Structures are given as structure tokens and as C-alpha cells.
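Enquirer: Position one of the sequence shown corresponds to residue 15 (the working numbering), numbered consecutively onward.
Here it is, the structure in full.
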Amino acid sequence: MESRWKRMVRAVLKSGLVADRGLSQTNYTKHTTMNTTQTPELQHLLVDQLKDIYWAEKKLVTTLPKLAKKAQGPELKAAFEAHHLETQTHLTRIEEMFGHLGLKPQAKKCDAMEGLLEEGDSLVEEYANSPALDAALI
């Protein structure tokens, strides 16, 4: 079965944004270059969205351990800890994607993630000493 990573790379290749010179998950940067002449708007969109996602994932990496500490139930604590590890993997993959495009990883504030986290903080504050705290964290 093809990995999610390879499916994502194949989708980017199919879009025409990059030129395929061989598909290798571990050493892909040397074989791929950004095609800037065909679709500059799509290139800009891809890079812009990667920056946005990179910011969101970086924020989650710092937020999830805090949520795990606040969680009352052991299952929820474990879920936050597991999600933290998954998010670190996501962050690494996004950094690899920047490298594949010949760019250094750069974050751009994600307003959507910031709004979700602010709303979450508000709920945590409101239900801090309540049995409903775990439900609010979810």
C-alpha cells in the first residue's frame, strides 16, 4: 500500500508545480525542483499554505503538552500525548516539503488555528474546576 506521504508527493507532481526526477521519500530534494514558469499563482498558493500549516503545527507542538497536563482523565491525557507525537511528525514532513521546494521552512500566522486555540483557552478558563473540563478540552 502506498504511504500517505507518497500520495501527497504524487499529487504535487501531478499538479505540475514540481518536475519529477525520481520519487524517493528520504532523498527527494535532490530530484525535485520548483517549476516557477508554468503556474506562479499555484506555486504561491502552495508555499503560502505550507507556511500557514507550518505555523499551525508548530503552535500545536507547544500547545498539546499543556492540554495533556490540564486533562483530568488518563485516556484524554494519553490521547493528547499521542497527538503531540503525531504533530511532531507532521512538522518534520512539512519541513521536508519546504526543502523539496528548495525553500527554508517559514511560518505564517494561521488565523484559524489561533482562533481555535483562543476559544479553547476561554473554555479551559471557564471550566477549570469543573468535571466538564475534559469535554471542554475536546
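For each residue, glycine too, the CB sits at the ideal point set by N, CA and C.
Model, not experiment: these values are computed from the prediction.
#1: Where Lys72 and Ser144 are concerned, what is the direct C-alpha to C-alpha distance, given to the nearest angstrom?
#2: Counting only runs of 3+ residues fully inside the region 101-143, write out the beta strand (DSSP E) ranges in chain order.
#3: From Glu110, Arg107, Glu140 and Leu74, pick the residue whose C-alpha is nearest to that of Ala96; which is it?
#4: Output the boundary residues of the alpha helix (DSSP H) element that contains Thr77.
#5: By the three-class DSSP mapping on this structure, what secondary structure does Pro145 have?
#6: Closer than 6 Å by C-beta to Phe112: which residues in its own chain qualify, once you throw out the five before and the five after it? Chain order, please.
#7: Exposed or buried, which one is Gln57 when buried takes at least 16 other CB atoms within 10 Å?
Expert: Quick answer:
#1: 29 Å
#2: Segments of the beta strand (DSSP E) lying fully in the region 101-143: there are none.
#3: Here the closest residue by C-alpha is Leu74.
#4: Pro54 to Lys84
#5: coil
#6: Pro119
#7: buried
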